[in-house]
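To start, the structure itself, in structure tokens.
Protein chains in written order, with my numbering: chain A, 5 to 317; chain B, 5 to 317.
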């Protein structure tokens with residue numbers, strides 16, 4: 005096992021719910037989040053940073069539509085939008101990581117990679133799209149767009165309108181895993197797998213082609229952590245610990261649990277889909293396939309001895 | 005000198021003037037362009053691919069404006085737009101490079117990096133912005149935007165309207181030069197310095213901050229080639245050779261010229277600003293600072309013994 009930690013940052017590493025998402029806010033948030041990684045780095049971990057892209061890619065897709073309407077600029081498909089978001093977010097994280105290192109007198113290099121992730125075209129997710137993306141529409145607009153683009157739509161659970169849904173297939177292979185491993189073992193901080201990676205598939209087992217889908221960021225980070233032999237996987241969210249019986253009088257936060265316990269809680273439906281569930285699943289996957297420790301926690305707890313909820317074998 | 009070739013692709017590597025720029029067109033163009041690099045790879049060169057982003061970043065900026073108008077999505081500054089374009093273009097080039105390698109049975113890995121390039125805040129370019137970017141406006145709109153954003157505008161020479169102009173400072177340092185060198189010397193194809201890189205500067209000699217500017221792609225590619233000790237710099241354009249007395253009865257294409265000859269032609273104003281001039285300047289800079297050979301040519305001539313116009317010491 006190599007002393008590598010993969011840290012999967014949540015969407016709020018850059019964009020907080022209370023903010024509109026100006027560039028100044030994102031810059032400040034990025035710096036503050038990245039400074040929290042210093043403890044891990046000081047204790048000798050080589051680190052890979054992965055990150056979400058929900059708000060950013062949502063904005064890119066809306067601009068895509070507005071640009072087509074106003075200027076007839078060809079719309080870019082989802083894969084290009086995800087890749088664009090990896091560019092903008094990766095750049096900002098890299099620049100602020102360099103600023104953190106400068107402030108704290110740490111001699112380390114940083115690099116941001118564009119990451120493609122292979123999926124299986126026969127993944128059942130393609131028959132059952134579940135992931136909402138882009139803007140909200142009224143029913144009539146959604147019906148029209150569905151017809152024109154062969155898209156699928158679903159009404160938002162909070163009744164804010166209809167949203168396009170796309171498949172969220174399981175990641176099969178991180179295309180630049182070897183290069184990420186090379187770079188991180190050379191001591192560089194690597195930023196990669198943004199937004200779960202750009203999903204691609206092998207057409208007739210040969211050509212790499214784009215496909216309209218999104219990959220869960222925590223699931224892709226877990227796969228990367230396994231493929232590069234990382235010791236620890238951090239999944240960063242906005243609460244310090246995972247809870248069971250959430251919102252009930254018996255609510256209890258978890259400190260250290262085994263995979264078996266985690267799977268039992270999972271079977272009891274303790275974790276909300278689209279929220280804590282994919283994070284616990286990613287953690288379980290990491291430990292069951294050879295990882296030493298997965299930690300689900302908030303930024304403030306990164307690198308602390310008893311911080312967060314630890315999942316072990 | 006290391007057997008490295010830096011190949012600076014022009015904008016038409018992806019987007020041709022006769023096309024609207026749909027994604028299918030860009031994919032096909034990318035594959036065709038990259039297949040032209042095989043000869044160089046087969047003759048033992050490790051390669052770094054750099055690329056322009058003019059049409060793509062222009063589209064991203066227009067979408068930015070349309071998205072703000074229609075949905076009030078905060079506009080992103082130029083640095084983020086350039087980084088976004090590095091993401092989308094780098095991803096597409098990387099995927100098609102992998103397809104070329106698969107088709108031609110070449111075992112090589114490919115990686116795309118987001119690249120920041122340091123500029124000097126005291127560069128005279130900041131007092132004299134020259135590079136037109138984004139959309140065309142009528143005079144009244146341009147005046148309003150100039151006032152609101154503190155932007156500068158200039159009327160287009162072809163009278164298509166007024167366009168924002170930004171500084172085009174000289175590149176001082178390619179921030180990820182060491183990592184690019186490491187990767188390319190390990191035999192990987194590296195895609196980097198897209199659109200000339202995202203320009204940043206050191207605020208009070210300390211923090212790395214964004215700045216509204218664009219860096220000439222050929223100039224940044226020349227600097228990168230020097231910083232990683234490349235032997236050859238290819239600057240790809242849409243003509244096979246550089247000409248003197250262009251458009252006159254005495255027009256003559258150049259095969260092999262020395263730096264001294266190139267500088268003489270430059271002094272004679274043989275090359276058009278914004279077109280061949282920056283390419284010849286980038287070539288001269290490369291050779292004067294230690295490069296072995298710079299070649300200005302079209303895709304079809306890459307790797308051919310007597311292809312293109314060669315500039316030597």
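The beta carbon of each residue, even a glycine, is placed where N, CA and C say it ideally should be.
Here the alpha carbons of residue 117 of chain A and residue 307 of chain B stand approximately 28 Å from one another. When C-alpha distances from residue 34 of chain A are compared across A:47, A:76, A:49, A:54, the shortest belongs to A:54. In this structure, B:16 is the residue among B:7, B:9, B:16 with its C-alpha nearest to the C-alpha of residue 199 of chain B.
In its chain, beyond the 5 residues on either side, 301, 305 have a beta carbon closer than 6 Å to the beta carbon of residue 311 of chain B. In this structure, residue 275 of chain A places its C-beta atom within 9 Å of the C-beta atom of residue 283 of chain A. One thing to note: residue 299 of chain B has its Cβ no nearer than 9 Å to the Cβ of residue 49 of chain B. Taking a Cβ-Cβ threshold of 7 Å, the residues of chain B close to residue 67 of chain A are 67, 68, 70, 71, 77, in chain order.
According to the DSSP assignment, residue 284 of chain B belongs to the alpha helix (DSSP H) that extends over 280-292. The continuous stretches of alpha helix (DSSP H) do not include residue 232 of chain B, and DSSP gives it neither H nor E. The beta carbons of residue 88 of chain B and residue 64 of chain B sit about 6 Å from each other, so the pair counts as a contact at 8 Å. Annotation for residue 50 of chain A: no alpha helix (DSSP H) segment contains it, though the beta strand (DSSP E) segment containing it runs 50-55. For residue 103 of chain A and residue 19 of chain A, the gap between their C-alpha atoms comes out near 19 Å.
Counting only Cβ-Cβ distances below 7 Å, residue 115 of chain A has contacts in chain B at 117, 180, 183, in chain order. Each residue's CA atom was taken as its position, placing residue 75 of chain A and residue 66 of chain B some 8 Å apart.
Only buried fits residue 303 of chain B, as 16 or more other CB atoms lie within 10 angstroms of its CB. Looking from the CA of residue 79 of chain A, the closest CA among B:37, B:227, B:162, B:60 belongs to B:60. Among the residues of chain B, those whose CB is under 7 Å from the CB of residue 210 of chain A are 106, following chain order.
At least one beta carbon of chain B lies nearer than 9 Å to the beta carbon of residue 24 of chain A. In terms of CA proximity to residue 11 of chain A, A:197 leads the group A:247, A:272, A:197. The beta carbon of residue 224 of chain A sits closer than 6 Å to the beta carbons of 121, 175, 197, 200, 201 from its chain, once the five residues preceding and following it are set aside; these are given in chain order. Inter-residue distance for residue 144 of chain A and residue 93 of chain B is about 35 Å (C-alpha atoms, whole angstroms). Rounded to whole angstroms, residue 69 of chain A and residue 129 of chain B show a C-alpha spacing of 35 Å.
Put simply, the CB of residue 186 of chain A is near chain B, with a gap under 9 Å to one of its CB atoms. With a cut-off of 8 Å on Cβ pairs, the region 209-226 of chain B is not in contact with the region 208-225 of chain A, counting fewer than three such pairs. When DSSP states are grouped into helix, strand and coil, residue 250 of chain A belongs to the coil group. Just measuring C-alpha positions, the residue of B:257, B:261, B:239 sitting nearest residue 41 of chain B is B:239. For residue 172 of chain B and residue 7 of chain A, the gap between their C-alpha atoms comes out near 43 Å.
Note on geometry: alpha-carbon atoms of residue 146 of chain A and residue 105 of chain A lie some 47 Å from one another.
Judged by DSSP in its simplified three-state form, residue 116 of chain A adopts strand. Judged by beta-carbon spacing, residue 96 of chain B lies within the 9 Å limit of residue 30 of chain B, meaning their Cβ atoms are closer than that value.
For residue 202 of chain A, a Cβ of chain B is located within less than 9 Å of the residue's own Cβ.
For residue 55 of chain A, the closest Cβ of chain B is not nearer than 9 Å. No residue range can be given for residue 108 of chain B, since it is assigned to no alpha helix (DSSP H) and is classified by DSSP as neither H nor E.
DSSP assignment within the region 49-103 of chain A yields the following whole alpha helix (DSSP H) runs of 4 residues or more, N-terminal first: 58-75. Look at residue 128 of chain B here: in three-state DSSP terms it is helix. One Cα belongs to residue 113 of chain B, the other to residue 266 of chain A, and the distance between them is close to 38 Å.
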